[in-house]
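Step one of this worksheet: look at the structure below.
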Amino acid sequence: MFFQWLKQYVPRSLYARAALILVVPVVALQLLVTIVFIKRDLEDLTTQMTATIQREIALLRQQARGARSPEEYLSRLTPYLAPLTMQARFLPPDAPPPQTALSLNEFSGRVVREKLQRELEGFVAVQFPEDRAFLLYFDTEVGTLELALDRRRLTAAAPHQLIVTMVFFGFLMTVISFVYMRNQLRPIKKLADAAQAFGRGRHLSYSPRGATEVRVAGSAFVDMRARIERQIEQRTLMLSGVSHDLRTPLTRLKLGLAMIDEDEAEPMLRDVEEMQALLDAFLDFSRGASTGEPEPVDPQQLAIAVVEAWQRQGKDVMLGELSGAGTVLLRPQAMRRALENLVSNAVRYGTRARVSVALTEKSLRLRVEDDGPGIPASQRGDAVRPFARLDPARNQDLGSGVGLGLAIVTDIARAHGGTLRLGQSEALGGLSADIVIGR
Ligand SMILES: Nc1ncnc2c1ncn2[C@@H]1O[C@H](COP(=O)(O)OP(=O)(O)OP(=O)(O)O)[C@@H](O)[C@H]1O
Ligand SMILES: [Mg+2]
């Protein structure tokens, strides 16, 4: 409960957390030391010093015992006042009784007053009129005596010095530690950036640095990235090699079939053509999602270009809502291919298609909707798999696809660090396919 509540106030970035980890103990320590210092040392010290003054007053009183007038009282005290660095005088009998005056921040003054009030016989008041002076009033047999002495005989000189020094050095140390800490954190940040960029299909140059553990994670990442890149390359090479090498014998086969009797050759020719179409799709797939380098692309322009191309072919493809202007880092060819694939599905399985773009601070969404039968939620997972064609009864006469279209789109979306989401179009009733990419 408490930690859940606390969590929302804890900063998210590593730097801020590190700063917090550095600052909190230092501040806590300083608070603790300050409190203990004031409470114990300062209070004890003041109490002890006050006790000394009390003993001196006891001595003075003893000397003046039996005096019958203020003048006599003072004359008896005189030999002692100079060595004790005190001055004394009697208040006139008609003077108003003096009041204790303490400013708010007077911590040790309060301790002095409390101790004297408790223990000094005839105590009237204490005053700290200026920086260095201390006035004590107490009753004697012959009137109220005012005793003036140096304040530093009672309280520690400049006790806040320690606290100021501590805060200053605490701050200085924290700043220095943070500078060092930041150097330790930078490699982690670099690694995070490189990993994020790779997830979005970009290759940032990165070399492991920093503490051992970070280095280990860094080189593991570099190895992993190299392996994945190698695998993608191999897949592409293999698929395109196979498709390419199969083309030549297929062409020969087609030529051979052309010489045979037409009726017999006809079904075989169709098979060969289908195989050729398959190979084309293969090649397309193998070219992969990562062709070309990412560059700033205006997604609205991209959508407009795709829609216009389809309209020129006489298809009912229109532009939907375009919201948010700006550019996004995309591989333009690949992204265009993804959109083409979605629109080609839309006009194959439906009759009308609509393309819309929503660009926000955080993400880009390209949506293609149609008025076809859609894909039931339970089959959406299958539909995006390579070579998956759904329930042939649904789209018998629509020409047979290879089943790679949505797989290619998914691939391209992933290579941009995004996903393909299938749903049902509210406006047109058919499939709604979203390519969603984080920025
Ligand atoms: N807009 C859509 N409306 C209804 N069903 C769709 C739609 N798009 C795809 N499907 C279904 O999902 C299956 C897979 O689509 P995908 O694009 O991957 O392959 P394809 O269109 O059959 O072949 P290809 O695109 O490779 O020529 C399709 O066979 C079809 O059944
Ligand atoms: Mg398709």
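To convert, count from 1 in the sequence shown and add 516; that's my numbering.
In this text, a Cβ means the ideal position worked out from N, Cα and C, and glycines have one as well.
Contacting residues, own chain, Cβ-Cβ under 6 Å from residue i (five flanking each side not counted)
i: L769; result: V788
i: Q643; result: A617 and L651
i: Y589; result: A580, A583 and V658
i: P703; result: R725, G726 and V730
i: Q816; result: L838 and V873
i: M565; result: L670
i: S941; result: E885 and S948
i: G638; result: F654 and D655
Terminal residues of the alpha helix (DSSP H) in which residue i lies
i: M791; result: E778 to R803
i: E635; result: F623 to E635
i: F903; result: Per DSSP, F903 belongs to no alpha helix (DSSP H) and is neither H nor E.
i: M834; result: No alpha helix (DSSP H) holds M834; the beta strand (DSSP E) holding it covers D832 to S839.
i: V863; result: P848 to Y865
Reduced DSSP secondary structure (H/G/I, E/B, other) of residue i
i: P468; result: Residue 468 is absent from the structure shown; the chain starts at 517 and stops at 955.
i: A756; result: Checking the displayed sequence, the identity of residue 756 turns out to be Ser instead of Ala. Three-state result, S756: helix.
i: D610; result: coil
i: R531; result: Contrary to the premise, residue 531 reads as Tyr rather than Arg in this sequence. Helix at Y531.
i: G954; result: strand
i: M602; result: strand
i: D887; result: coil
i: V543; result: helix
i: L618; result: coil
i: V844; result: strand
i: L670; result: coil
i: L920; result: coil
Opening and closing residue of the beta strand (DSSP E) in which residue i lies
i: V640; result: F639 to Q643
i: E662; result: G659 to D666
i: L963; result: Absent from the structure is residue 963, since the part of the chain shown begins at 517 and ends at 955.
i: L522; result: Counting along the chain, L522 falls outside any beta strand (DSSP E), though it belongs to the alpha helix (DSSP H) covering F518 to K523.
i: S872; result: R868 to L875
Residue i beta carbon near ligand 4 (any heavy atom closer than 7 Å)
i: I891; result: What this structure holds is ligand 1 and ligand 2, not ligand 4.
Close beta carbons around residue i, own chain, < 8 Å, minus the five adjacent residues each side
i: R533; result: V526 and P527
i: L857; result: Strictly speaking, residue 857 in this sequence is Asn, with Leu absent from that position. Cβ neighbours of N857 beyond the five flanking positions: G921, L922, I924 and V925.
i: L766; result: V788, M791, Q792 and L795
i: A781; result: L773 and A774
i: F694; result: A534, A535 and L538
Own chain residues within Cβ distance below 7 Å of residue i, not counting five before or after
i: R763; result: L795
i: V952; result: S879, R881, G934, T935 and R937
i: T690; result: L538, V539 and V542
i: Q546; result: M682, V683 and G686
i: E572; result: L600
Those runs of the alpha helix (DSSP H) which lie wholly inside the region 550 to 590 and span at least 4 residues: 559 to 580
Continuous alpha helix (DSSP H) assignments of at least 4 residues falling wholly in the region 927 to 952: none
Complete runs of the beta strand (DSSP E) confined to the region 672 to 749 [at least 3 residues]: none
Environment of ligand 2 in chain order, Cβ to heavy atom below 5 Å: N861, G917 and G921
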